[in-house]
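Asker: Before we start, here is the structure in question, set down as structure tokens.
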Amino acid sequence: MSRRRNLFIFVLLTLSLCCNLLLAIIVSRLGIKTTSEPSQHVCNTSSSEQSEPKSPYAGLERDYKIPFSWITDYSSGNEEAANELWEAISIDTGIIALSSEEITTKDLPQSQPFPWDTDMSIYLVEGYHNLHCLKNIHRSLVEFRNGLNQSRSWPHITHCVDALRQDIMCNADDTPRYSTQSKGKATGIGQYRRCRNWAKLEAWTKQHSSCFKFINETDDDLNNLERFKYCPPGSPYTEKVKQYFGDLVQ
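Just so we're aligned: 206 in UniProt numbering is position 206 of the sequence shown, and the numbers increase by one with no gaps anywhere.
Next comes the structure, spelled out in structure tokens:
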């Protein structure tokens, strides 16, 4: 009797173990993305919710959720419209003027003096430099595609490609993009990530306007001061610009 009871218990335990193993396999497989088309509403909630310090200069937070996209207006099939968007990219507000106090507080290296205030210096915000480089690379590709002469030098373009490489490796984005079994091997499409809000960065740069406008981009002989006479309304430097140039160019 005792031997039968022990055998019965052994059978039950064996069946239980097999069931648990089977359940674990099922759960594991359900947890793997196997759809042939990427999801459009996947939100990363593991790493994205972790707190991160504000950016050191503009005080930006990663409080803006944006999904990875395969196609945007900048890469649409309407090449004319896409090219217009690329050409409309401006880095003007990314050339900023910072006070000596801000420079010292943020431990920034000394920079060229701002022409309208001896206490200010001129800096180029990194994000705007990257956009400038992307715009130049895109322009070079369009010119090559259409059989046109290159308007930007080869060293300038290779500098831009390398500058983007440096920035990508500096930021070391560790977001795990989900994969699929689709033929296109698309990854992460529709998956949300936390970003900084570009509009907030732009608002910060406008608060530190240097009255800059990137006119005649390829003219190396242009007096650079000519690019610092485009002050926005309400700028404290408007009168000094008028005194120097005689009128204010908008």
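Glycine is no exception: its CB is placed at the ideal position from the N, C-alpha and C atoms.
1) Straight-line CA distance for residue 107 to residue 237?
2) How long is the line joining the alpha carbons of residue 175 and residue 204, rounded to whole angstroms?
3) Among the residues of its own chain, which have a CB less than 8 Å from the CB of residue 167, if the five just before and after it don't count?
4) Going by alpha carbons, who is nearest to residue 74 out of 96, 142, 93?
5) Buried or exposed for residue 120, please, with buried defined as at least 16 other CB atoms from any protein chain shown within 10 angstroms of its CB.
6) Would DSSP call residue 67 helix, strand or coil?
7) Report all residues from its chain with a CB closer than 7 Å to the CB of residue 225; omit the five preceding and five following residues, and keep chain order.
8) Closest by CA to residue 153, which one among 140, 163, 103?
9) Could you say which of 173, 101, 201 lies nearest to residue 59 if we only look at CA atoms?
10) What is the rounded straight-line gap between the Cα of residue 132 and the Cα of residue 91?
11) Out of 160, 117, 195, 186, point me to the one whose CA is closest to residue 241's CA.
12) Looking only at C-alpha atoms, which of 61, 148, 89, 98 sits nearest to residue 194?
13) Does the Cβ-Cβ distance between residue 212 and residue 227 come in under 8 Å?
14) So for residue 124, helix, strand or coil by DSSP?
15) Could you tell me the alpha carbon to alpha carbon distance between residue 208 and residue 234, rounded to whole angstroms?
16) May I ask you to report which of helix, strand or coil DSSP gives residue 155?
17) Among 81, 96, 88, 83, whose alpha-carbon lies nearest the alpha-carbon of residue 57?
Answerer: A quick look at the data gives this:
1) 26 Å
2) 27 Å
3) 126, 130
4) 142
5) Buried, since its Cβ has 16 or more Cβ neighbours within 10 Å.
6) strand
7) Excluding residues within five positions, the ones whose Cβ falls inside 7 Å are 115.
8) 140
9) 201
10) 6 Å
11) The option with the nearest alpha carbon to residue 241 is 117.
12) 61
13) yes
14) Residue 124: strand per DSSP, three-state reduction.
15) 12 Å
16) helix
17) 96
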